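Positions 223 to 423 (our numbering) are the ones given, in order, by the sequence shown. All C-beta atoms in this analysis are idealised placements derived from N, C-alpha and C, irrespective of residue type, glycine included. The structure presented is a predicted model; accordingly, all values stated were derived computationally and were not measured. A short worksheet on the structure shown next.
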Amino acid sequence: METITYTVRTGLYLNITNRCPCACTFCIRNNGSCVYGSEPLWLDHEPSADEIRADLDRYDLDSFEEIVFCGYGEPTERLDTLLETAAYIRSKSKVPVRINTNGLSDLIHGERTAPRLAGLIDVVSVSLNATTPEEYLKLVRPKFGLPSFDAMLAFTRDCKEFVPSVRMTIVDTVTTQEEQERSRAICDELGVELKIRPYES
223 METITYTVRT
233 GLYLNITNRC
243 PCACTFCIRN
253 NGSCVYGSEP
263 LWLDHEPSAD
273 EIRADLDRYD
283 LDSFEEIVFC
293 GYGEPTERLD
303 TLLETAAYIR
313 SKSKVPVRIN
323 TNGLSDLIHG
333 ERTAPRLAGL
343 IDVVSVSLNA
353 TTPEEYLKLV
363 RPKFGLPSFD
373 AMLAFTRDCK
383 EFVPSVRMTI
393 VDTVTTQEEQ
403 ERSRAICDEL
413 GVELKIRPYE
423 S
């Protein structure tokens, strides 16, 4: 049985794909098949929109503080399904909807994608984790190569126009104090919040 949904504290999380254009050196997927006591998150097949809706219908969505697209893959790999699901959530509840993303959606789809989030997504959280294209390439290992860093920043800037809340995250154990300060300067320039998150082992 596929694990489409799992709970983390006060949030309901959606695991809709295992595809990802990155191979981050610190990726939680390297440590096992489960997180936060979930069932295994490796999928035998990508769940259809109908399957995702059926899984969501098991819950009282209003009992959660947020619903988060974040599983063992990059959720924007399935942007159409993600947005269809977000619209369904919107039809059932006013609970905030967040995407945790590597910010490479524009490169994945070959077009500007932030406008499609308008009215459906409340929060976008973009993984920053490095402050130069070279360091990003070394740490995140995106298949799109060196242009990935600037594309990620451009997507983040673009999201500000269409999404109420945009933030960037870095992992505490893979960044030095100096890098954290440089990350803060990048976020200040973009006008978004910086969140330093603990490494999940």
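In this structure, how does DSSP classify residue i when only helix, strand and coil are distinguished?
i	result
Tyr310	helix
Leu368	coil
Leu263	coil
Ser270	coil
Thr391	strand
Thr229	strand
Thr377	Residue 377 is actually Phe in this sequence, not Thr. Phe377: helix per DSSP, three-state reduction.
Thr298	helix
Glu288	strand
Thr323	strand
Residue i: buried (16+ other C-beta within 10 angstroms of its C-beta) or exposed?
i	result
Leu350	buried
Thr354	exposed
Ser285	exposed
Ala340	exposed
Asp272	exposed
Ser313	exposed
Asp410	exposed
At what residues does the alpha helix (DSSP H) containing residue i begin and finish?
i	result
Val360	The displayed chain sequence assigns Lys, not Val, to residue 360. It spans 355 to 362 - the alpha helix (DSSP H) in which Lys360 sits, taken as one unbroken run.
Cys409	399 to 412
Asp279	That residue, Asp279, is in no alpha helix (DSSP H); it is neither H nor E in DSSP.
Just to confirm before moving on: does the CB-CB distance between residue i and residue j stay below 8 Å?
i	j	result
Leu323	Pro297	Leu is not the amino acid found at residue 323; the sequence shown has Thr there. Yes, these two residues count as a Cβ contact at 8 Å.
Lys417	Thr398	no
Val345	Arg320	yes
Gly293	Leu236	yes
Val414	Arg389	yes
Arg241	Glu299	yes
Ser327	Phe291	no
Val317	Leu263	no
Arg338	Leu301	yes
Thr225	Glu261	yes
Gly325	Glu288	no
Got a sec, what are the start and stop residues for the beta strand (DSSP E) residue i sits in?
i	result
Ser315	First-last for Ser315: undefined, no H or E at that position.
Leu234	233 to 236
Leu416	415 to 419
Ser347	345 to 349
Given residue i, which residues of its chain have a CB within under 7 Å of its CB, disregarding the five upstream and five downstream residues?
i	result
Lys365	Pro243
What residues in its chain sit with their C-beta under 8 Å from that of residue i, if we drop five residues either side in the sequence?
i	result
Tyr358	Asn351, Ala352, Pro364, Ser370, Phe371, Met374
Can you name, in chain order, every residue of its own chain whose Cβ lies under 6 Å from the Cβ of residue i, other than the five neighbours on each side?
i	result
Tyr310	Arg275
Arg404	Thr353
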